[in-house]
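*Asks:* Below is the structure I would like to discuss, written out as structure tokens.
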Amino acid sequence: MIDRFRTWVLGLPRRGKQAILLSFDFIALSCALWASFCLRYDAWYLPNSLDQWIVIILAPVVTIPVFIRMGLYRAIVRYLPERAMWTILRAMVIATVTWVVLVFLSQLAGRLVVPRSVPLIYLGLGTFIIAGSRFAAKWTFLPQFDRTLATQTAAIIYGAGDAGIQLAHSLRSTHMVVAFVDDNPALHRRELAGVKVYSPGALGELIEEHGVKDVILSIPSLTAQRRKEIVASVSKHGVKIRALPSIVDLVTGKYLVSQIKEIDIIELLGRSSVPPDAELIKHMIVGRSIMVTGAGGSIGSELCRKIASWSPRCLVLFEANEFALYQIEQELSELQDLVIIPVLGSVIDRERVNKVLAQHDIKVVFHAAAHKHVPLVEANALEGIKNNVFGTAAVAEAAYAHGVENFVLISTDKAVRPTNVMGATKRWAELIVGSIAMRAKGEETGQRFCAVRFGNVLGSNGSVVPLFKQQIAAGGPVTLTDAAMTRYFMSIQEAAELIVQAGALSKGGDVFLLDMGEPMLISELAENMIRLAGLSVRNEANPHGDIEIVVTGKRPGEKLYEELFYDSSDAEITKHAKIMRAPSRARSVSIADLLADLQLIIERHDEQAARQLLFEAVEKSG
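Going by full-length UniProt numbering, the sequence shown opens with residue 1, and the numbers climb by one from there.
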């Protein structure tokens, strides 16, 4: 019988539960005032006139509106925090004072004497009964009966539109939605699906009041910049932030409204994506034989995914790492009507590169193979030079010899005024490609060689994001080399799309610069990632936080900030909003002679001399 009653109560809609609470409070508060008179007179107090009945009924009539105003009927008892005791006490004090004033200012005061101790007794009894009833209901209906409901998480939905309402219904089995938050003032204080709508300014108070663990963004059409602002605001409160999929994912059926997803750190960049230019893609990829070197790496594999979706004639995956090659080949082999050719080989093996280009009649090469980890290349300079400099020379010269029509070098912002070996080798790679481009122009072969320069991609192998995720998962600390360090960031998917389109814009000898937006403080990135994990930063202002951020000091060759330009005034606008062109800079050195000199130094294993020549040539190149 009791279990049936519990089931019936828990199955009621929110308004039904609120009606039960209102009815109980009205009766309980009336009884509390009657009991106060009984205790004061030390005898049974029986009202025998209309005036006496009005005085008793007036107490709940005054108190319940105060309760409503202070939100005591918004919080479901299953999620009533212990701090609500103080809210109940404040509400009872306000209601009792109001009742006393009304009684003693009314005409009733002349015909009915209310002892001064009665309001004090009523305050104590009323507070005890109301608070006790709430916590008794919480303890009765939550732990002992319904274990499924006990695991529900208090959540706030940010966005009170149709998607938010649908999401609220979808989440009933796993979450208790305690509030909507919306930017639209016209919706504030309204109730939708039985849940009240608040302004964003009330978010912090709502999270604390209801013990909220999840805030879910339910505005599929949200711009990237506004999403960044909302996530930054919400993350300060130490809750888990998740989101409804984008409107594109919903329309295409990739996700359902009920399938909320984690907020990715990429979404904090505030970058609005630009759809790929179909003409550029068609010109560069469709029906052509493509080879990607470094096909198993972060950028290389994403390039392969994008290219595979744009109908090439065939796609050659050139990779030195056997396992990485196996992984990307297995992933792409699931696609139908696509010829995938996995090739295991090193870019410094000229014979191997020449054979592959000739055998498969390659028309487009994306050269992504490189050693990119700054500290590792700094510690293994000769190997970095072999792979990044001589590997680029081998592939570019082979491409020229075999009539490759488009050659795209994947470069980096570290090639601008480099302070480390990795950056210097990539600048050499740019010079090598530029030199071959000039040769192609001079001989009028129609071949186009270019480089695409950009900053860091989030989530790539060796980047800070996977490292920070690992450190956060381990409980910290998160390590930074310098609190003032900044870097440019973009998503790896966006970078791959822009690289392909930049290649299509090439006239030969170009260095393209991808629009990276504004640089981000690495310390800010770390803080955002900690907050997105639902944790707090431990520092002097918050000594009891979850994750500490530790500054370890700059590593050899590391710069505080990176640059995309030698001179930003040189940048030329292209037909694509996020791709710029840096004009060719004058070169006072012969790259062929430099390569010959560098080869002799490498054969002697003279690392110091190799470093010296590397940086001297970069300085002379402008």
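Ideal Cβ positions, reconstructed from N, Cα and C, are used throughout, including at glycine.
Since the model is a prediction, treat every value here as computed from it, not as a measurement.
According to the neighbour-count rule (16 or more other Cβ atoms, all chains shown, within 10 Å of its Cβ), is Thr552 buried or exposed?
*Replies:* That one is exposed.
*Asks:* So, does the region 460-474 touch the region 395-404, judging by three or more C-beta pairs under 8 Å?
*Replies:* No, the region 460-474 does not touch the region 395-404.
*Asks:* Where does Ala586 fall in DSSP's three states?
*Replies:* Confidence is the limiting factor: at Ala586 the pLDDT is only 46, short of 50, which leaves the residue's position unreliable, though a coordinate-based value still follows. It is coil, neither helix nor strand.
*Asks:* Could you tell me which residues DSSP puts in a beta bridge with Cys314?
*Replies:* Beta-bridge analysis with DSSP links Cys314 to Ser289.
*Asks:* Do the region 382-393 and the region 472-488 meet, that is, are 3 or more Cβ pairs less than 8 Å apart?
*Replies:* Because the criterion of three Cβ pairs below 8 Å is not met, the region 382-393 and the region 472-488 do not touch.
*Asks:* Which residues in the same chain as Leu22 place their Cβ atom closer than 8 Å to its Cβ, once the five residues preceding and following it in sequence are excluded?
*Replies:* Ile64, Tyr73
*Asks:* Where Arg313 and Val339 are concerned, what is the direct C-alpha to C-alpha distance, given to the nearest angstrom?
*Replies:* 7 Å
*Asks:* Taking Trp44 as the reference, give the member of Ile602, Cys31, Asp51, Val55 with the closest Cα.
*Replies:* Cys31
*Asks:* For Val416, count neighbouring Cβ atoms within 10 angstroms of its own Cβ and tell me buried if that reaches 16, exposed if not.
*Replies:* By the neighbour-count rule (16 or more Cβ atoms within 10 Å), Val416 is buried.
*Asks:* Work out the CA separation of Val234 and Thr174 for me, nearest whole Å.
*Replies:* 21 Å
*Asks:* Does DSSP classify Thr153 as helix, strand or coil?
*Replies:* Assigned with DSSP and collapsed to three states, Thr153 falls in strand.
*Asks:* Below 8 Å on the Cβ atoms is my contact criterion, and I expect Met291 with Phe318 to pass it. Report the Cβ-Cβ distance as a whole number of Å.
*Replies:* Between the beta-carbon of Met291 and that of Phe318 there is about 6 Å, and that keeps the pair under the 8 Å contact cut.
*Asks:* Flag this pair as yes or no: are the beta carbons of Ile530 and Arg487 separated by less than 8 Å?
*Replies:* no
*Asks:* So, is Arg453 buried or exposed, given that buried needs 16 or more other C-beta atoms within 10 angstroms?
*Replies:* buried
*Asks:* Could you check where the beta strand (DSSP E) with Val195 kicks off and where it finishes?
*Replies:* 195-198
*Asks:* Below 8 Å on the Cβ atoms is my contact criterion, and I expect Tyr158 with Ile230 to pass it. Report the Cβ-Cβ distance as a whole number of Å.
*Replies:* 6 Å
*Asks:* Suppose only complete runs of 4+ residues qualify. What are the alpha helix (DSSP H) ranges in the region 375-418, listed by chain order?
*Replies:* 381-385, 391-401
*Asks:* Per DSSP, which residues does Lys240 bridge with? Please list them.
*Replies:* Asp214
*Asks:* Apart from the five residues on each side of it in sequence, which residues of its chain come closer than 6 Å, Cβ to Cβ, to Leu594?
*Replies:* Ala617
*Asks:* Please report the straight-line C-alpha distance between Val511 and Leu171, rounded to a whole angstrom.
*Replies:* 50 Å
*Asks:* Which same chain residues end up closer than 8 Å to Ile76 when comparing Cβ atoms and leaving out the 5 residues on each side of it in sequence?
*Replies:* Caution applies to Ile76, whose pLDDT of 49 falls short of 50 and renders its modelled position unreliable; the model cannot decide the point.
*Asks:* Once the 5 residues before and after Ile573 are set aside, which same chain residues still bring their CB inside 7 Å of it?
*Replies:* Met580
*Asks:* Under a three-way DSSP split, which group does Ile573 fall into?
*Replies:* Looking at Ile573 - three-state DSSP - the assignment turns out to be strand.
*Asks:* Check the Cβ-Cβ distances between Thr153 and every residue of chain D, and say whether any is below 8 Å.
*Replies:* Although the question refers to chain D, the structure presented lacks it and comprises just one protein chain.
*Asks:* Taking the C-alpha atoms as reference points, what is the distance between Ser411 and Ile307?
*Replies:* 19 Å
*Asks:* Would a C-beta distance cut-off of 8 Å place residue 625 and Ile601 closer than the cut-off?
*Replies:* Missing from the structure shown is residue 625; the chain here goes from 1 to 622 and no further.
*Asks:* Beta-carbon separation of Asp482 and Lys554 under 8 Å?
*Replies:* yes
*Asks:* Looking only at DSSP bridge pairs, what is Phe180 linked to?
*Replies:* Ile157, Val197
*Asks:* May I ask you to report which of helix, strand or coil DSSP gives Thr479?
*Replies:* For Thr479, the three-state secondary structure derived from DSSP is strand.
*Asks:* Flag this pair as yes or no: are the beta carbons of Val195 and Asp182 separated by less than 8 Å?
*Replies:* No, the pair does not count as a contact, with Cβ atoms beyond the cut-off.
*Asks:* Would you decide whether Ser435 is buried or exposed? Buried here means 16 or more other CB atoms lie within 10 Å of its CB.
*Replies:* buried
*Asks:* Report the rounded CA-to-CA distance for Cys304 versus Gln493, giving the unit in angstroms.
*Replies:* 11 Å
*Asks:* Beta-carbon separation of Ile348 and Asn387 under 8 Å?
*Replies:* yes
*Asks:* DSSP on Ile130, reduced to helix/strand/coil?
*Replies:* helix
*Asks:* Should His576 be labelled buried (16 or more other beta-carbon atoms within 10 Å of its own) or exposed?
*Replies:* buried
*Asks:* Can Leu513 and Ala424 be called in contact, C-beta distance under 8 Å?
*Replies:* no
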